[in-house]
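Heads up, the thing below is written out as structure tokens.
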Amino acid sequence: MCFLLYYSKRYCIILYVIDFPAIFKPKDVENGWYDTWQRNKYFASSRTTNSTQEEKETKEPFSMVLPPPNITGILHLGHALTVIIQDVLARWHRMKGHPVLWIPGLDHAGIATQAIVERTLQHTRNITRYDMGRDEFTQLIWQWKAEKAAVIKQQLKTLGATLDWDREYFTIDKSHSAAVTETFVRLYERNLLYRARDLVNWSPALRSTISDIEVEDFVVNGKTRLQLPGYNSKITVGQLIKLVYPIKDSKEELIIATTRPETIFGDVAIAVHPNDDRYSRYIGQYVLHPIRETFIPIIADSSVKREFGTGAVKITPAHDRLDYNIAKRHNLPVICVIDEGGNMTDACKEFKGVPRFITRKRLMDQLSVRGLVKGVEDNHRMTLPLCSRTHDVIEYLPKEQWFLRCTAMAKRAHKAVANGELKIYPSEDSIYEQMWYNWLENYKHRDWCVSRQLWWGHRIPAYSIIHDDGKDNDNDIFSDSDNTTSWIIARSEEEARSLAQEKYGNTVNLRQDPDVLDTWFSSTIVPFATLGWPENTEDMARHYPLTLMETGHDILMFWVTRMVMLSLELTQRLPFKEVLLHGVLCDGNGKKMSKSSGNVISPENIINGCTFEELNEQARRSHAAGILSAEELQRTLRVNTKTYSMGIPDCGTDALRLSLCARNIKNHTINFDVDDCRTSKYFCNKIWQASKYVLLMTKEDQQHENVEKENLNDLDRWILSRLSWMVEIEGTKFGFRSGNSAGHSNTLAKCLEVSLRILAPVTPYLSDDLYVRLAKKGLPGFLSVTSLLETSYPMPYEFKHLRDIGLEERIRELMDVTNAIRSCMANVSKKSNPEVNILVNNVRDYNFYRENVNLIKGASKIWNVPIHLIESANDGNFNRMMTRDNNSDGDGVCTVQYMHTNDCSLLITAMVSGKMRSHMLI
Numbered sequence: 002m003c004f005l006l007y008y009s010k011r012y013c014i015i016l017y018v019i020d021f022p023a024i025f026k027p028k029d030v031e032n033g034w035y036d037t038w039q040r041n042k043y044f045a046s047s048r049t050t051n052s053t054q055e056e057k058e059t060k061e062p063f064s065m066v067l068p069p070p071n072i073t074g075i076l077h078l079g080h081a082l083t084v085i086i087q088d089v090l091a092r093w094h095r096m097k098g099h100p101v102l103w104i105p106g107l108d109h110a111g112i113a114t115q116a117i118v119e120r121t122l123q124h125t126r127n128i129t130r131y132d133m134g135r136d137e138f139t140q141l142i143w144q145w146k147a148e149k150a151a152v153i154k155q156q157l158k159t160l161g162a163t164l165d166w167d168r169e170y171f172t173i174d175k176s177h178s179a180a181v182t183e184t185f186v187r188l189y190e191r192n193l194l195y196r197a198r199d200l201v202n203w204s205p206a207l208r209s210t211i212s213d214i215e216v217e218d219f220v221v222n223g224k225t226r227l228q229l230p231g232y233n234s235k236i237t238v239g240q241l242i243k244l245v246y247p248i249k250d251s252k253e254e255l256i257i258a259t260t261r262p263e264t265i266f267g268d269v270a271i272a273v274h275p276n277d278d279r280y281s282r283y284i285g286q287y288v289l290h291p292i293r294e295t296f297i298p299i300i301a302d303s304s305v306k307r308e309f310g311t312g313a314v315k316i317t318p319a320h321d322r323l324d325y326n327i328a329k330r331h332n333l334p335v336i337c338v339i340d341e342g343g344n345m346t347d348a349c350k351e352f353k354g355v356p357r358f359i360t361r362k363r364l365m366d367q368l369s370v371r372g373l374v375k376g377v378e379d380n381h382r383m384t385l386p387l388c389s390r391t392h393d394v395i396e397y398l399p400k401e402q403w404f405l406r407c408t409a410m411a412k413r414a415h416k417a418v419a420n421g422e423l424k425i426y427p428s429e430d431s432i433y434e435q436m437w438y439n440w441l442e443n444y445k446h447r448d449w450c451v452s453r454q455l456w457w458g459h460r461i462p463a464y465s466i467i468h469d470d471g472k473d474n475d476n477d478i479f480s481d482s483d484n485t486t487s488w489i490i491a492r493s494e495e496e497a498r499s500l501a502q503e504k505y506g507n508t509v510n511l512r513q514d515p516d517v518l519d520t521w522f523s524s525t526i527v528p529f530a531t532l533g534w535p536e537n538t539e540d541m542a543r544h545y546p547l548t549l550m551e552t553g554h555d556i557l558m559f560w561v562t563r564m565v566m567l568s569l570e571l572t573q574r575l576p577f578k579e580v581l582l583h584g585v586l587c588d589g590n591g592k593k594m595s596k597s598s599g600n601v602i603s604p605e606n607i608i609n610g611c612t613f614e615e616l617n618e619q620a621r622r623s624h625a626a627g628i629l630s631a632e633e634l635q636r637t638l639r640v641n642t643k644t645y646s647m648g649i650p651d652c653g654t655d656a657l658r659l660s661l662c663a664r665n666i667k668n669h670t671i672n673f674d675v676d677d678c679r680t681s682k683y684f685c686n687k688i689w690q691a692s693k694y695v696l697l698m699t700k701e702d703q704q705h706e707n708v709e710k711e712n713l714n715d716l717d718r719w720i721l722s723r724l725s726w727m728v729e730i731e732g733t734k735f736g737f738r739s740g741n742s743a744g745h746s747n748t749l750a751k752c753l754e755v756s757l758r759i760l761a762p763v764t765p766y767l768s769d770d771l772y773v774r775l776a777k778k779g780l781p782g783f784l785s786v787t788s789l790l791e792t793s794y795p796m797p798y799e800f801k802h803l804r805d806i807g808l809e810e811r812i813r814e815l816m817d818v819t820n821a822i823r824s825c826m827a828n829v830s831k832k833s834n835p836e837v838n839i840l841v842n843n844v845r846d847y848n849f850y851r852e853n854v855n856l857i858k859g860a861s862k863i864w865n866v867p868i869h870l871i872e873s874a875n876d877g878n879f880n881r882m883m884t885r886d887n888n889s890d891g892d893g894v895c896t897v898q899y900m901h902t903n904d905c906s907l908l909i910t911a912m913v914s915g916k917m918r919s920h921m922l923i
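Start counting the sequence shown at 2; every next residue gets the next number (my numbering).
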């Protein structure tokens, strides 16, 4: 308890307030509320406490799934943005009486999780997964998952996320795995899944294919040294090498340009543009391969860029997408010269087994000695494809993989947006719709590689037939198989065995494909798998399609489009009705938050506060665990020194929520500064102080009066009329000094009650704590509820009867007058006891200003404000004031200026020691 004093010039009121802290303290306010919400089951979709049974049956459910965070680590601010946006929507719809279903979950994140666990293993125990074996390594990841899942769940609770925890899922748990298997089987049965040899993104460090989203384009502007996994020293990139290819039966030679001389062993042709006059006479001839000493053709292809290098390029189909397509068009052979580990293959003679970038240097030395290197450009700008998980340079390798045919599904997804069936927001400039169309148009011509060579993930439900010699012709996932292996696709090994015996007899042996499915494959079915699909559940009938998918625009192409494609194929319905996209979160300088930039912020550090030393220690622990590289650690320490040298103050969850919600989430990028959270905390304290003030100014005998029945003055009615816009506390303070304070206090109580309900979805902890405190004090209009989740969100129709447009215009005039006084008195000391005379020329205005003079006094802090009714400049009141001025004996010169505010004139006088010093007629 505390004593609060309210002082004025005329009197002092001492009020005794119980259980109302002097200031807003986030930790004290937020403590215990989440348990209260959970205990009262506010998060369950069946809970709609502010609706009647009839409303429950008629109001459409609002349903979402939380984009499942990866178990690679804890949540960062980017995750927090998604969580908070969704939670605001969920709380808002609950308060509007809608049944809300918001499903939480976690993504097993196959490649990302395996990469970080193996990196941690290497860093802490100096062993690899191969030293452990698949089973033991998988068990280690399950332990990792348990630890991270517990932390993430607590983070979500701290952020105030009203998720239905009874529906929590994990993308590799039993029920979801069954749905993934069913998806694979059905797609295969519809001839949409097939196995083939094709060029894929290959990560030598992971020894697996990776998806396009896991490939980062790294731009170098010339000769650059990079540290790559598996190399003791940095390798050189960004050079354009010019090599000599002698023309057959001629003394001429062709000069080609390449950035990858180490792949020369796989060259099968030299290509030029058909309209390039420099080389037209050579088309159809042959050149001598400088290493293999065989002849390869000179071909013409329109995809060759004449401006690149010399205009003549070597064609290495096994390791370049463009070359691969050219080879298919010209029926050229494909020679693989780099293996899955990034080393040279048997085709490279004495370089067999040598790492690719070491081969590059040795080969260059060899070719230089032979005079076959015509020059090296060190200023070549190029883009390197890097694996986002390992930062290794990816290779394009031809491999046997499982592919999903996308042409028909992409067309349906394209049409869904084009015909308006699926809405994508923001839609103002249609940028995301255009991205949608462009990506799907490209996707129609390229199938999706869904297999990965990992140990962590969904094992592909495909079983190969093992022959009498124990071979299945495809048991080595890196072999150059001829795709003659027979495969059985089934929901279980037992089902596969039964199908195989029907087809091949009782002696058939099976081996399950060791590969796993792309993580995106399992996450694309989240909208319906979480509702019980493939069963026809009650949840599917009631909540599918989902109402909304809210996520970052950066995964629109890789996740949202695929969810739409798979849902339309498997359920014949869209997975959701609308898509809401938010921007990518950046730091205060506009730089994307990432580990590589060293500017990632943990939500807990903002909520609880963190010293500079603690921030650095967190970074060092992450480095010790193998999560941050040495370079990432140094960048993080530099950012901490530059930005957080004074640490981060504790701001609380509501301040973080308010700061993120105050951003325009529709922007492509969203800049975030921790200082904004400090400002939001001050705002929360303002609400706290305003609530305390209303309680102080409300007498006990007024606490149960109905504000709607009060004989309110103009100011109170105006505040109610403008309730959705502002609460003008300062303008009512002076009114409490009069005997008619009930109207003021009840008006403020009404404004506060509505404001807390409006704020509840954004600042739930503060709003609930204040509302319940004030309701217990008996403040008028406050309901006796456990949480604002039991109340209704303020709707326009509730206040329609309070709206008074005419009164709003008059009060706006009053505000203009007050602002004019403030402006005129800016250079006049309040110690001079200034007097403001308001002259009006009609009775209506005279009465209006007399009734509302306290607003002018309170807002301008000028306490001498007489109101005068005059008919003209010859009026006696006007003449008397001018006489007072003319009789003054000051040492200044009196100045008269004329302005008009509607029908009102103001005479402002400054009195010093009883003598008039200046006046202004407005």
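We put the CB at the ideal spot given by N, CA and C, even for glycine.
Since this is a predicted model, take the numbers as computed values, not measurements.
Assign residue i to buried or exposed, taking buried as 16 or more other Cβ atoms, counted over all protein chains shown, within 10 Å of its Cβ.
i	result
Lys693	buried
Thr295	exposed
Gln454	buried
Met826	buried
Thr317	buried
Lys235	exposed
Ala419	exposed
Leu162	Here residue 162 is Ala; the residue named in the question, Leu, does not match the sequence. Its Cβ being crowded by 16 or more others within 10 Å, Ala162 is buried.
Ala151	exposed
Give the range of the beta strand (DSSP E) segment to which residue i is assigned.
i	result
Lys400	Glu396 to Leu405
Ser598	Here Ser598 belongs to no beta strand (DSSP E), and DSSP marks it neither H nor E.
Gly376	Val374 to Glu378
Cys587	Val585 to Cys587
Gly553	Leu547 to Gly553
Could you tell me how far apart the beta carbons of residue i and residue j are, in whole angstroms, since I believe they sit closer than 8 Å?
i	j	result
Pro835	Val829	5 Å
Phe673	Asn641	Contact flag wrong, Cβ pair sits at about 16 Å.
Going along the chain, which residues of its own chain have a beta-carbon closer than 7 Å to the beta-carbon of residue i, five neighbours each way excluded?
i	result
Leu638	Asn617 and Ala620
Ser480	Any reading at Ser480 needs caution, since the residue's pLDDT is 39, under 50, leaving its predicted position unreliable; the model's value is listed next. Answer for Ser480: no residue qualifies.
Gly342	Pro205 and Arg208
What residue does the alpha helix (DSSP H) around residue i start on, and which one ends it?
i	result
Tyr131	Arg130 to Met133
Gln228	First-last for Gln228: undefined, no H or E at that position.
Asp199	Not the alpha helix (DSSP H): Asp199 falls in the beta strand (DSSP E), residues Leu194 to Ser204.
Ala776	Pro765 to Lys777
Ser568	Thr562 to Leu571
Leu511	Here Leu511 belongs to no alpha helix (DSSP H); instead the beta strand (DSSP E) covers Asn510 to Gln513.
Arg498	Glu494 to Tyr505
Can you name, in chain order, every residue of its own chain whose Cβ lies under 6 Å from the Cβ of residue i, other than the five neighbours on each side?
i	result
Ala113	Asn71, Thr73 and Arg390
Ile671	Gly584, Leu586 and Arg664
Lys424	Glu579
Ile173	His109
Out of the options, state which residue places its alpha-carbon closest to the alpha-carbon of residue i.
i	options	result
Asp136	Ser431, Gly458 and Leu815	Gly458
Ser568	Ile839, Asp277 and Pro535	Pro535
Lys149	Tyr772, Ala197, Ile75 and Thr520	Ile75
Ile300	His290, Gln286 and Gly312	Gln286
Thr121	Leu870, Cys685 and Leu629	Leu629
Thr83	Ile556, Tyr433, Met796 and Lys687	Ile556
Arg406	Leu188, His274, Leu67 and Leu364	Leu188
Asn41	Val186, Asp165, Gln402 and Glu496	Asp165
Asn276	Leu289, Arg307, Asp366 and Ala23	Arg307
Thr311	Ala328, Val338, Phe559 and Tyr280	Tyr280
Cutting at 8 Å between CB atoms, please list the residues of its own chain near residue i, excluding the five before and the five after it.
i	result
Asn127	none
Leu780	Val695, Leu696, Thr699, Gln704, Ala750, Leu753 and Glu754
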